[in-house]
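Residue numbers (the UniProt record's numbering): 1 to 568.
Working notes, structure below.
Structure representation (structure tokens):
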């Protein structure tokens, strides 16, 4: 009885091997050539796709969930996955702690970048341990950026965050703490959704709802990326004729230039072209980390031409960890509803990403085991959002781009996933690495982030393409995108709707919440699409499978079917 209990792991998991056998296998893995190197063709990972080079006709072996895998290969592929995640992990903290966010300064940015890497590594371990699927890993969510930036703008406008007499935004750690506290509380929404059956979740949030939402998130972020590409999204974007920010990023930078200068555009274009070259001619390991290679080439050119400032790297401490810097947690009521929309979207993304991971990992895509992974994935995603806030980071969500790494390298083994988490935590602990990332010139970072943000919009387009294109769905999509695109392209259109100027703080907070929702394109799109999808009935021709635009006499069709039956 006791032996059965010690090896039982639940109805959906294989029994764990005895401890002695696991120790022997571990020792063998680190002490033998077979365990360290195996017979894997390592040249496959690094062989470029040049026109004159002979291509191998033998496919690389596929490493499944629990397939034996050499230690060195697991470390290489784990490092590859960490690099594939790097750009997405560092971008949100840089944006939210910069001049367009809470303005926490260089030291605050360095801390948040380090913390983002460490927290991503820790929470990814939770995800991998729950599913034992490599592709399901946690990264800092882009979805939070529009809501957080809108909320911080309100906090500066209503005086909660300080500004200088000339209007310059001063550091606002309490504003960032309000974003963290609100995110922690709203994470309960996703945790609650995880207890619904997956089929119910898919019915509540079909591609008709999630697709346009994700696409508009990408569209909003592209605007931010392009501003950074042209020199920065701070005060210098207004091109003032005098003062500290008459040049970008400011007049004290190593090589300041006016916003939109051709030199800035050229630096970002170098990054963009490098990404394309890696995709066309790169080896599998280069293709899956093309964004990082583009960032590296852009940094080399920027350093060689005098745009790189290494003072932050020299001043940064050697090591860092979470809670080295702390923020006062609070709840910003106007951001609650938009933040709840964020977690609804994260739940939908988690379902899609886990399903895609199961597919590329050659695991079951239906049945009780699959449903268990879906529910556990959404639950872990919600817990990650709550824990991230307590770890001083904005919400985390599962990363989908690593599914492409699995497809390229044919590796879905959890050992590589554990190696990936190790490298993420290691990069975060050594804060000199984070300081180097924060020191990247805005134009170089903008060239990378614009490409990355556009991939978010493309993901939304892919989700939309999976829905049925009938008249009803086109109507819902059009109605939702009408307000969504309008709020994204003209975010201040609703700023003058409410003119209340009294001292009723409760009413002021309610009006701020409505304004924040109406000016956040993806949030208003989510609510409109969910409402219309729930109230608009399916039409007869849609249920019968008749395409929109086909003029069919349903009565004649029914009579012809009856005649056919009688003739038979």
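The beta-carbon is built from N, C-alpha and C at its ideal position, and this holds for glycine as well.
Note that the coordinates shown come from a computational prediction; the quantities given were computed from them, not determined experimentally.
What is the rounded straight-line gap between the Cα of residue i and the Cα of residue j?
i: residue 120; j: residue 500; result: 42 Å
i: residue 239; j: residue 42; result: 51 Å
i: residue 89; j: residue 250; result: 26 Å
i: residue 383; j: residue 305; result: 45 Å
i: residue 192; j: residue 528; result: 22 Å
i: residue 518; j: residue 49; result: 48 Å
i: residue 461; j: residue 243; result: 43 Å
i: residue 441; j: residue 330; result: 33 Å
i: residue 219; j: residue 479; result: 17 Å
i: residue 436; j: residue 456; result: 26 Å
i: residue 76; j: residue 260; result: 40 Å
i: residue 267; j: residue 110; result: 23 Å
i: residue 308; j: residue 148; result: 29 Å
i: residue 281; j: residue 291; result: 14 Å
i: residue 92; j: residue 113; result: 9 Å
i: residue 36; j: residue 74; result: 9 Å
i: residue 486; j: residue 299; result: 36 Å
i: residue 31; j: residue 21; result: 15 Å
i: residue 443; j: residue 270; result: 10 Å
i: residue 96; j: residue 301; result: 26 Å
i: residue 507; j: residue 154; result: 15 Å
i: residue 180; j: residue 29; result: 42 Å
i: residue 162; j: residue 388; result: 26 Å
i: residue 471; j: residue 477; result: 10 Å
i: residue 247; j: residue 225; result: 18 Å
i: residue 314; j: residue 237; result: 28 Å
i: residue 264; j: residue 231; result: 6 Å
Taking residue i as the reference, give the member of the options with the closest Cα.
i: residue 278; options: 185, 47 and 531; result: 47
i: residue 25; options: 71, 339 and 538; result: 71
i: residue 312; options: 290, 431, 537 and 300; result: 431
i: residue 351; options: 457, 40 and 370; result: 370
i: residue 158; options: 332, 339 and 188; result: 332
i: residue 381; options: 244, 156, 183 and 414; result: 183
i: residue 144; options: 533, 531 and 523; result: 523
i: residue 216; options: 154, 453, 531 and 169; result: 453
i: residue 489; options: 124, 127, 146 and 473; result: 146
i: residue 475; options: 225, 535 and 166; result: 535
i: residue 426; options: 491, 414 and 122; result: 122
i: residue 422; options: 189, 495 and 79; result: 79
i: residue 451; options: 413, 229, 507 and 520; result: 229
i: residue 284; options: 81, 492, 245 and 32; result: 81
i: residue 514; options: 169, 494, 470 and 526; result: 494
i: residue 214; options: 342, 491 and 471; result: 342
i: residue 498; options: 379, 511, 504 and 492; result: 511
i: residue 115; options: 520, 433 and 496; result: 433
i: residue 102; options: 171, 223 and 44; result: 171
i: residue 526; options: 321, 346 and 496; result: 346
i: residue 86; options: 127, 140, 98 and 69; result: 140
i: residue 197; options: 160, 496, 379 and 39; result: 379
i: residue 205; options: 467, 509 and 502; result: 467
So residue i and residue j are in contact, right, with Cβ under 8 Å, and what is the actual spacing, rounded?
i: residue 446; j: residue 294; result: Their Cβ separation, rounded to whole angstroms, is 12 Å, which puts residue 446 and residue 294 out of contact at 8 Å.
i: residue 392; j: residue 323; result: 7 Å
i: residue 395; j: residue 151; result: Actually they are not in contact, since the Cβ atoms of residue 395 and residue 151 sit about 13 Å apart, beyond 8 Å.
i: residue 289; j: residue 84; result: 5 Å
i: residue 374; j: residue 344; result: At roughly 15 Å, the Cβ-Cβ gap does not stay under 8 Å, so residue 374 and residue 344 are not in contact.
i: residue 189; j: residue 340; result: 5 Å
i: residue 173; j: residue 104; result: 6 Å
i: residue 516; j: residue 338; result: 6 Å
i: residue 272; j: residue 221; result: No, residue 272 and residue 221 are not in contact; Cβ-Cβ is about 16 Å, not under 8 Å.
Could you please give me the residues that DSSP links to residue i through a beta bridge?
i: residue 169; result: 163
i: residue 386; result: None; residue 386 has no bridge partner.
i: residue 248; result: 257
Inset, instruction - At 4 residues or longer, and completely inside the segment 487-529: list those alpha helix (DSSP H) runs for me, N to C. - result: 505-518
Inset, instruction - At 4 residues or longer, and completely inside the segment 260-344: list those alpha helix (DSSP H) runs for me, N to C. - result: 262-281, 284-287, 290-304 and 311-315
Legend entry - Those runs of the alpha helix (DSSP H) which lie wholly inside the segment 165-244 and span at least 4 residues: For the segment 165-244, whole alpha helix (DSSP H) runs of length 4 or above, ordered along the chain, are 173-193, 198-204 and 207-229.
Legend entry - Every unbroken alpha helix (DSSP H) within the segment 31-98, with a cutoff of 4 residues, ordered by chain: With a minimum length of 4 residues, the unbroken runs of alpha helix (DSSP H) contained wholly in the segment 31-98 fall at 33-36, 43-46 and 71-97.
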